[in-house]
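The numbering used here puts the first residue of the sequence shown at 14, with every later residue one more than the last.
Report on one structure; see the data block that follows.
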Amino acid sequence: MPSVTYNSFKKHLMNGGIDLDTDTIMCSLVTSDYTPDQDAHEYWDDVTNEVVGVGYTADGDEIEGKTVTQDDTDNEGVFDGNDVAWTGATITARAAVIWKDTGTDATSPLIRYHDFGENKSTTGTTFTITWAAEGILNLNDP
């Protein structure tokens with residue numbers, strides 16, 4: 014499944030419900046058994062099959078070093094942050110889900126499903142998500 018930006022994120026962003034560089038933005042890992050529904054999935058409690066394993070804590074980790082910038086060359090808004098890593102991890106994940114943590118799963122909006130293209134595994138080592146040079150999320154409207 015390709016990476017997708019949840020449609021509800023666009024609504025929450027336009028209504029001022031998400032501030033990417035100041036809100037608590039989480040990165041969680043899911044298995045290949047989770048199928049994202051870009052149209053119907055809106056909150057963290059809609060996500061199933063989160064990774065379970067040594068070195069990984071439920072709900073994942075907060076993305077640190079968040080920035081939102083304007084890219085006039087590519088005519089985009091860019092959301093970026095530090096790479097996320099779980100040390101000493103024994104896990105297998107297919108994708109990361111980016112979401113805003115409000116403290117309640119039923120009101121924590123989903124942002125993006127980031128597919129790795131295949132299952133990625135570690136056994137007692139560091140599982141790292143290295144974001145693209147262009148950032149975690151790019152928004153543009155031609």
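Where is the CB? At the ideal position from N, CA and C, for every residue including glycine.
Keep in mind the model is a prediction, meaning the values are calculated, not measured.
Local conformation of residue i per DSSP, three classes
i: W112; result: strand
i: S21; result: helix
i: D32; result: coil
i: D52; result: coil
i: A102; result: strand
i: D46; result: coil
i: D74; result: strand
i: T61; result: coil
i: D84; result: strand
i: D128; result: strand
i: T37; result: coil
Supposed close pair residue i, residue j - CB separation, criterion 8 Å
i: A106; j: H127; result: About 10 Å separates the two Cβ atoms, so there is no contact after all.
i: V67; j: T103; result: 4 Å
i: V81; j: F92; result: 5 Å
i: E75; j: P122; result: The pair is not a contact, with the Cβ atoms about 15 Å apart (cut-off 8 Å).
i: W144; j: D87; result: With a Cβ gap of about 16 Å, W144 and D87 do not count as contacting.
i: N158; j: E89; result: The question about residue 158 has no answer, for the chain in this structure spans 14 to 155.
i: G94; j: I142; result: Actually they are not in contact, since the Cβ atoms of G94 and I142 sit about 10 Å apart, beyond 8 Å.
Closer than 8 Å to chain D by CB, residue i
i: V81; result: Chain labels in this structure do not include chain D; a single protein chain is all it has.
Alpha-carbon spacing of residue i relative to residue j, whole angstroms
i: L33; j: D58; result: 20 Å
i: D84; j: D154; result: 12 Å
i: W112; j: T100; result: 21 Å
i: N20; j: D52; result: 6 Å
i: G30; j: L42; result: 23 Å
i: G73; j: D118; result: 13 Å
i: G78; j: A146; result: 15 Å
i: A98; j: F140; result: 5 Å
Residues that residue i bridges to, as DSSP identifies them
i: L152; result: G90
i: L123; result: W112
i: K133; result: A106
i: T143; result: According to DSSP, which records beta bridges pairwise, T143 is partnered with nothing at all.
When the options are compared against residue i, the one with the closest alpha-carbon
i: F129; options: D84, Y56, T70, T44; result: T44
i: Y47; options: L152, N62, T70, L150; result: N62
i: N17; options: E77, P49, I38, G30; result: Looking at the sequence itself, residue 17 is Val, so the reference to Asn does not match. Looking at the Cα atoms, P49 is the closest of the given residues.
i: K24; options: T138, A146, I124; result: I124
i: Y69; options: C40, G94, E131, N88; result: C40
i: D36; options: P15, T138, G116, T136; result: G116
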